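Input: a single structure, listed below in structure tokens.
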Amino acid sequence: MFFFKYSYELFTTLVDKACLPTDSAVEKTSKGVVLITTIIIAFLAIFWGLSYIALGYLVSGAIPLSYACISFLGISYFLISRRFIFFRFTQLLLILLLPFLLQWSLGGFSNGSAVMVWAFLTPLAAMLFTDVRQATRWLYAFLGLTVLSAVMDGALANVALPMPPLPNAIFFALNMGFGFTSVFIVLNYFVKERERSHDQAMAAKESALTAKKALEISNQQLQANEIKIHELMLTDWLTGVGNRRHLDQCLKYELERIQRYSGCLSIIMADLDHFKQVNDIYGHDVGDIVISVFAGIISDTIRNTDSVSRFGGEEFLIVLPETNEDGAMQLAERIRVIFAGCEISPLSTPVTASFGVLCANSDDNLGSLLKHVDQALYQAKESGRNRCAAFTSKLLISEKF
1 MFFFKYSYEL
11 FTTLVDKACL
21 PTDSAVEKTS
31 KGVVLITTII
41 IAFLAIFWGL
51 SYIALGYLVS
61 GAIPLSYACI
71 SFLGISYFLI
81 SRRFIFFRFT
91 QLLLILLLPF
101 LLQWSLGGFS
111 NGSAVMVWAF
121 LTPLAAMLFT
131 DVRQATRWLY
141 AFLGLTVLSA
151 VMDGALANVA
161 LPMPPLPNAI
171 FFALNMGFGF
181 TSVFIVLNYF
191 VKERERSHDQ
201 AMAAKESALT
211 AKKALEISNQ
221 QLQANEIKIH
231 ELMLTDWLTG
241 VGNRRHLDQC
251 LKYELERIQR
261 YSGCLSIIMA
271 DLDHFKQVND
281 IYGHDVGDIV
291 ISVFAGIISD
301 TIRNTDSVSR
311 FGGEEFLIVL
321 PETNEDGAMQ
331 LAERIRVIFA
341 GCEISPLSTP
351 VTASFGVLCA
361 NSDDNLGSLL
371 KHVDQALYQA
381 KESGRNRCAA
391 FTSKLLISEK
401 F
């Protein structure tokens with residue numbers, strides 16, 4: 001296991017240097033397998049060449065040695081030029097021819113059949129790293145050379161120097177052992193590279209999903225912050241109801257609505273009675289409490305479709321869509337009664353409020369609305385406070401309880 005682990009790490013380092021930064025995982029694996037196969041066979045070719053020469057088979061020894069020299073030159077050229085397609089073609093051709101040339105030099109199948117295990121690598125590698133058409137061509141070449149070897153076998157056996165049985169058996173065992181070990185090394189690299197590519201792809205996918213989720217959360221937070229900022233821009237800091245900006249937007253929208261679609265619109269202006277005395281006697285902190293309580297009562301009493309805004313100081317303005325004057329007067333009276341009966345500590349007596357009511361028409365604008373409802377409020381104040389008054393079309397102020 002240590003050998004395979006070490007060989008994988010060594011080959012991985014070499015392949016990383018041979019690959020381009022733009023190579024995909026499939027291209028990197030393809031280059032790695034072809035390069036590793038070439039290196040393994042080149043070193044084994046040196047061993048076989050020297051062994052054959054030592055046994056007196058000079059021609060047979062020269063063939064693998066020549067292959068080794070050409071392969072190392074091809075590896076160097078590939079590492080420098082990065083021309084993988086040319087390198088792959090030349091190596092597949094050499095791997096295909098080497099076993100057959102050795103077999104022919106040794107006298108055919110009787111002495112050289114052991115080397116044929118290497119010939120199977122060519123169509124196998126072609127199937128893995130080229131398209132089907134090219135792989136089929138390599139397979140035809142392999143089959144053609146095999147048929148040619150069978151035809152030439154008798155003639156080769158007559159002229160070749162017979163190899164002694166023991167060396168022949170040893171070479172057969174070594175070829176089979178080294179051959180399948182080499183195949184295992186190559187497949188081990190191939191499988192591990194696929195696993196590593198898969199792990200990297202899954203990690204990248206997980207990282208992308210995490211980044212996407214973080215971006216979504218960030219966008220949600222940004223949207224929430226934008227909504228919160230928008231609400232703060234339209235909210236009175238003390239009472240939590242709308243501010244003057246909110247009031248202007250609301251009134252403009254409702255005026256445009258009744259001018260375009262008809263319908264009715266009423267507004268109520270409310271003001272605390274003798275509020276200055278509350279501030280003078282109890283202080284502004286208590287005054288703020290009174291204002292907040294009054295705003296809370298209004299908010300709890302109106303409908304969801306209505307809106308209330310702090311107009312300024314202790315004045316509030318309530319916008320009532322699709323509400324006529326009678327409905328607005330009833331609502332104002334209900335708020336007045338509830339607030340008048342509310343006990344607020346540390347005040348010794350209840351605080352009251354006055355209300356001006358106006359039913360708008362399509363000819364009104366923002367300025368006329370505020371002016372007329374203020375006149376109605378003024379009439380309520382002049383009539384004794386703690387009461388509701390409506391603005392009439394004839395600018396006559398009437399009292400209603």
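Mapping to this note's numbering: the sequence shown position 317 is 317, numbers consecutive.
Just so you know, even glycine gets a beta-carbon here, dropped at the ideal spot from N, CA and C.
All of these numbers come straight from a predicted model, not from anything done at the bench.
Close-in-space but distant-in-sequence residues of the same chain around residue i (CB under 8 Å, 5 per side omitted)
i: threonine 235; result: Val241, Gly242, Asn243, His246
i: leucine 366; result: Asp248, Leu251, Lys252, Leu255
i: serine 362; result: Ile258, Gln259, Ser262
i: arginine 83; result: Tyr77
i: glycine 384; result: none
i: alanine 42; result: Tyr67, Ala68, Ser71, Phe72, Ile75
Residues that DSSP places opposite residue i in a beta bridge
i: methionine 163; result: DSSP lists no partner for methionine 163.
i: valine 308; result: Ile318
i: isoleucine 267; result: Val319, Leu358
i: threonine 235; result: Gly242
Residue i vs residue j beta-carbon contact at 8 Å
i: valine 293; j: isoleucine 344; result: yes
i: serine 354; j: aspartate 273; result: yes
i: leucine 94; j: tyrosine 77; result: no
i: aspartate 271; j: glutamate 315; result: yes
i: arginine 334; j: asparagine 386; result: no
i: glycine 49; j: leucine 73; result: no
i: isoleucine 75; j: isoleucine 46; result: no
i: leucine 97; j: serine 60; result: no
i: proline 346; j: valine 278; result: no
i: methionine 163; j: tryptophan 104; result: no
i: threonine 352; j: alanine 340; result: yes
CB-CB length for residue i against residue j, believed under 8 Å
i: leucine 377; j: glycine 356; result: 3 Å
i: leucine 101; j: isoleucine 63; result: 5 Å
i: alanine 332; j: arginine 310; result: That pair is no contact at about 17 Å.
i: threonine 305; j: proline 321; result: 6 Å
i: isoleucine 318; j: isoleucine 268; result: 4 Å
i: leucine 238; j: isoleucine 291; result: 6 Å
i: threonine 90; j: arginine 194; result: 26 Å between Cβ atoms; not a contact.
i: leucine 44; j: phenylalanine 178; result: 6 Å
Cut-off 6 Å between Cβ atoms - residues of its own chain near residue i, not counting five sequence neighbours on either side
i: isoleucine 397; result: Unreliable positioning characterises isoleucine 397 in this predicted model, as indicated by a pLDDT of 44, which lies under 50. The coordinate reading is nonetheless provided below. Gln379, Ala389, listed in sequence order.
i: isoleucine 53; result: Gly61
i: threonine 323; result: Ser266
Cβ neighbours of residue i in the same chain (closer than 7 Å, five flanking residues each side left out)
i: alanine 150; result: none
i: leucine 55; result: Pro167
i: histidine 372; result: Leu358, Phe391
i: leucine 395; result: No answer about leucine 395 holds up, because its pLDDT of 48 lies below 50 and its placement is not dependable.
i: glutamate 399; result: Bear in mind that the predicted position of glutamate 399 carries a pLDDT of just 41, short of 50, making it unreliable; the figure below should be weighed with that in mind. These residues qualify, in order along the chain: Ser383, Arg387, Ala389.
Okay, do the stretch 320-333 and the stretch 257-267 touch, 3+ Cβ pairs below 8 Å being the bar?
-> yes
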